[in-house]
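S.K.: Each residue of the sequence shown is one higher than the one before, starting from 1 at the first, in the working numbering.
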Amino acid sequence: MSKDQFLFHLEELNKKEISGFIIMRNESIPSYLFDILLEYCEENRIPVLEMLQNQYFWRIVKYILKQVFDEELANYSYFILTHENFSDVLLNESDLNVVIEKLLVLLNKMLDNPVALYSSNYDCYASSEKNPAGFNVAQNVKSYIPDIVTKHQYFIQKREYVEYINKIQLFDGRYFYLVMTEKNNELTGMDFCGMEDAITSLQFAMMRLSAEEELNNKYQKDLEYRLLVGTLSNEEEDDVANILGLKDTDDLRVVVFRLLSRNNNQRFTSEQLRQTEIVEKEFLRDLPEKYTMSNTNQIIYICKKDEQMSNLQLRLRIEELQKKIQSDLDKRHANAEFIVGIGKKVKGYHALKESFSDSKIALEYIHVIRKVIGDENKSVVECSKLGFFRMFVKVSDKKELLSYVPESLQKLYEYDKQKNGSLIETLECFLNNKQSLKQTSKKMFVHYRTVSYRLEKIKEISGMDFDNPAEMLAVRNGLITYRLVEAM
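#1: Can you list, in chain order, the residues of its chain with a C-beta nearer than 7 Å to that of residue 424? Leave out the 5 residues immediately preceding and following it.
#2: Reducing DSSP to helix, strand and coil, say where residue 249 ends up.
#3: So residue 143 is in the beta strand (DSSP E); what residue range does that whole segment cover?
#4: What number of angstroms, rounded off, separates the C-alpha of residue 36 from the C-alpha of residue 70?
#5: For residue 50, which of helix, strand or coil comes out of DSSP?
#6: What's the C-alpha gap between residue 547 and residue 408?
#7: Go through its chain and collect everything with a Cβ distance to residue 59's Cβ below 7 Å, but skip five positions before and after it.
#8: Under DSSP, the beta strand (DSSP E) around residue 294 begins and ends at which residues?
#9: Within a Cβ cutoff of 8 Å, which residues of the same chain sit near residue 145, ignoring the five residues on either side of it in sequence?
#10: Go to residue 340, then tell me how far its beta strand (DSSP E) extends in each direction, as first and last residue.
#11: Can you round the beta-carbon distance between residue 336 and residue 261 to whole angstroms, since I take them to be within the 8 Å contact cut?
#12: Given residue 405, which residues of its chain have a CB within under 7 Å of its CB, disregarding the five upstream and five downstream residues?
#13: To the nearest whole angstrom, what separates the beta carbons of residue 196 and residue 150, a pair I think is in contact under 8 Å?
#14: Which of the three DSSP states is assigned to residue 117 in this structure?
#15: Can we say the stretch 215 to 232 touches the stretch 132 to 139, given the rule of at least three CB pairs closer than 8 Å?
#16: Can we say the stretch 33 to 50 touches the stretch 80 to 94, given the rule of at least three CB pairs closer than 8 Å?
#17: Candidates 275, 352, 192: which alpha carbon is nearest residue 249's?
#18: Quick check: is the beta carbon of residue 306 nearer than 8 Å to any beta carbon in chain D?
#19: For residue 348 and residue 317, what's the separation of their Cα atoms in angstroms?
#20: What residue range is occupied by the uninterrupted alpha helix (DSSP H) comprising residue 11?
#21: For the structure I just gave you, are there three or more beta carbon pairs, one from the stretch 425 to 441 and one from the stretch 454 to 471, closer than 8 Å?
#22: Could you have a look at residue 180 and say whether DSSP puts it in helix, strand or coil?
#23: With 16 other CB atoms within 10 Å as the buried threshold, where does residue 253 fall?
#24: Are the stretch 278 to 286 and the stretch 321 to 331 in contact at 8 Å, needing three or more beta carbon pairs?
#25: Just the Cα atoms here: how many angstroms apart are residue 226 and residue 96?
#26: Excluding the 5 residues flanking residue 109 on each side, which residues of the same chain have their C-beta closer than 7 Å to its C-beta?
#27: What span of residues does the beta strand (DSSP E) with residue 298 cover, start to end?
#28: Within the continuous beta strand (DSSP E) that includes residue 381, where are the two ends?
#29: Using the Cβ count rule (16 or more neighbours within 10 Å means buried), how would you classify residue 239?
#30: Looking at C-alpha atoms only, which residue of 354, 93, 376 is the closest neighbour of residue 384?
#31: Where does residue 138 land, buried or exposed, given buried means 16+ other C-beta within 10 angstroms?
#32: In the DSSP output, what is residue 163 paired with across the bridge?
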């Protein structure tokens, strides 16, 4: 700014009959401007108060306003002044993280006390101090109403120092705590006037930042999902993998966690979808967020091989996690079952689509698998352990599938269909329990003589030889095939 321009501004201010100037020398402002100001003010008999470098401007302003005006007008004047300063930060800074930092620094200077933002989990998000104190809402917290007209709600608690707390609400129930600590000075009504726009400005900046982060997160999750379903080009897959920190040499597998409705129509209600969101939050305590995404009623996890964890340990960990989540769902009466499909291990991110496809097959046929192995509570299925079962899954034609069923088993199915019998169920249970009459009767809740009678009937109708391993293998395969046909 030239000397003439500066003098023009001083003349315009003088015309408004200003009361005086409060100045503090700063290296960023040329010293000749201070000389021009002092000379002009001396000629026009305008008071100038020069502050020391270690003095806060706002402390002087508050003192002068209290001397010149009554309390109500002083508070109003201070509110207008702080409003302009907070608005200036919002309007002249594009980086929202920097905006939040500057707003806190400005509020810190106004109050001459530490200020900090904490998440709902009490993690420090930003602070005016380099080493902020830990924070939590104490049992003695109380509502606080300052001696001014305010649109915000405050709380007060006493720990090491008195703390004033404002809960800043964002989207979807998210919130942060703005904490002002009376470490240096007691807060006055004028201080709370200054806080009004500080809180509003912080809320605006944080809501914008939250919305941008949510948008970026959804975009990234969409790219991750497209990587799994194979709709990206090789170059695009490289870009997404770079974001995720995945390499072409990584051993990877996809694990899909899905919530199934327990009602008959298999449709999910909004409440059950809400349960998926709750489960995902629980998951993020144990799994890395950037490898975890949710999609309607399922949560998808890209698992990188841990050198310290074997495949068995991984499976046991997933089974333990499944039991915990299912227990929590039952306690909340969520009316849903939590099942898990583990895809095969693949080398590199370009092959993730194969592992994802495997995990979906495991989930799609979990009811068939339960029938085949005789465990209705089976909830974790690893596709690589399904063996030849996967070959049957690839056959989409029912007639072709039924051609793999032994004639003896087909006769038995026809008999059960005509008589509405339970011979197939008995045969399946008998084979799943190592051909033990005792275990079969126990599992089916019938007398062992009843089981013995049914087995004789099976032999009579089908001509099966239970002592022939090759025939029993073919029968077991046939039972699997029939279950697949039923699921189609």
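Glycine residues also receive a C-beta, built at the ideal position from the N, C-alpha and C atoms.
M.R.: Judging by the given coordinates:
#1: Locating residue 424 in the sequence shown gives position 424, where the first residue counts as 1. 412, 413, 416.
#2: The count along the sequence shown starts at 1 and reaches residue 249 at position 249. Residue 249: coil per DSSP, three-state reduction.
#3: Counting from one through the sequence shown, the residue named residue 143 turns up at place 143. 142 to 144 is the extent of the beta strand (DSSP E) around residue 143.
#4: Taking the first residue of the sequence shown as 1, we reach residue 36 at position 36. Taking the first residue of the sequence shown as 1, we reach residue 70 at position 70. Looking at the two C-alpha atoms, the distance is approximately 34 Å.
#5: Within the sequence shown, the letter at position 50 stands for residue 50. Reduced to three states, the DSSP call for residue 50 is strand.
#6: Missing from the structure shown is residue 547; the chain here goes from 1 to 488 and no further.
#7: In the sequence shown, the residue the question calls residue 59 occupies position 59. Hits under 7 Å: 112.
#8: By one-based count along the sequence shown, residue 294 stands at place 294. Per DSSP, residue 294 belongs to the beta strand (DSSP E) from 292 to 295.
#9: As a first step, residue 145 must be located in the sequence shown, where it is residue number 145. Hits under 8 Å: 154.
#10: For the purposes of this step, residue 340 is identified with residue 340 of the sequence shown, where counting begins at 1. That run of the beta strand (DSSP E) goes 336 to 342.
#11: For this step, residue 336 is matched to residue 336 along the sequence shown. For this step, residue 261 is matched to residue 261 along the sequence shown. That belief holds up - the Cβ atoms of residue 336 and residue 261 are roughly 6 Å apart, short of 8 Å.
#12: Counted from its first residue, the sequence shown places residue 405 at position 405. Around residue 405: 478, 481, 482.
#13: Counted from its first residue, the sequence shown places residue 196 at position 196. Counted from its first residue, the sequence shown places residue 150 at position 150. The pair is a contact, with the Cβ atoms about 6 Å apart (cut-off 8 Å).
#14: As a first step, residue 117 is located in the sequence shown; it is residue number 117 there, counting from the start. Strand at residue 117.
#15: no
#16: no
#17: To locate residue 249, count along the sequence shown from 1; it is residue 249. The residue with the shortest Cα to Cα distance from residue 249 is 352.
#18: Chain labels in this structure do not include chain D; a single protein chain is all it has.
#19: Within the sequence shown, residue 348 is the residue found at index 348, counting from 1. Within the sequence shown, residue 317 is the residue found at index 317, counting from 1. Cα-Cα distance, rounded: 23 Å.
#20: Working through the sequence shown from its first residue, we reach residue 11 at position 11. Element bounds for residue 11: 3 to 15.
#21: yes
#22: Indexing the sequence shown from 1 puts residue 180 at position 180. Residue 180 falls in the strand class under three-state DSSP.
#23: As a working note, residue 253 is residue 253 in the sequence shown. By the 10 Å Cβ count, residue 253 comes out buried.
#24: yes
#25: Taking the sequence shown and counting its residues from 1, one reaches residue 226 at position 226. Taking the sequence shown and counting its residues from 1, one reaches residue 96 at position 96. Between residue 226 and residue 96, the C-alpha separation is close to 30 Å.
#26: Along the sequence shown, read from residue 1 onward, the residue named residue 109 stands at position 109. Hits under 7 Å: 56, 58.
#27: As a working note, residue 298 is residue 298 in the sequence shown. Taken as a continuous stretch (DSSP letters only), the beta strand (DSSP E) holding residue 298 covers 298 to 304.
#28: What you label residue 381 is simply residue 381 of the sequence shown in a count that begins at 1. Per DSSP, residue 381 belongs to the beta strand (DSSP E) from 380 to 382.
#29: The sequence position of residue 239 within the sequence shown is 239, counting from 1. That one is exposed.
#30: One-based indexing of the sequence shown puts residue 384 at position 384. Looking at the Cα atoms, 354 is the closest of the given residues.
#31: If you number the sequence shown from 1, residue 138 lands on position 138. Burial call: exposed.
#32: As a first step, residue 163 must be located in the sequence shown, where it is residue number 163. According to DSSP, which records beta bridges pairwise, residue 163 is partnered with 157, 181.
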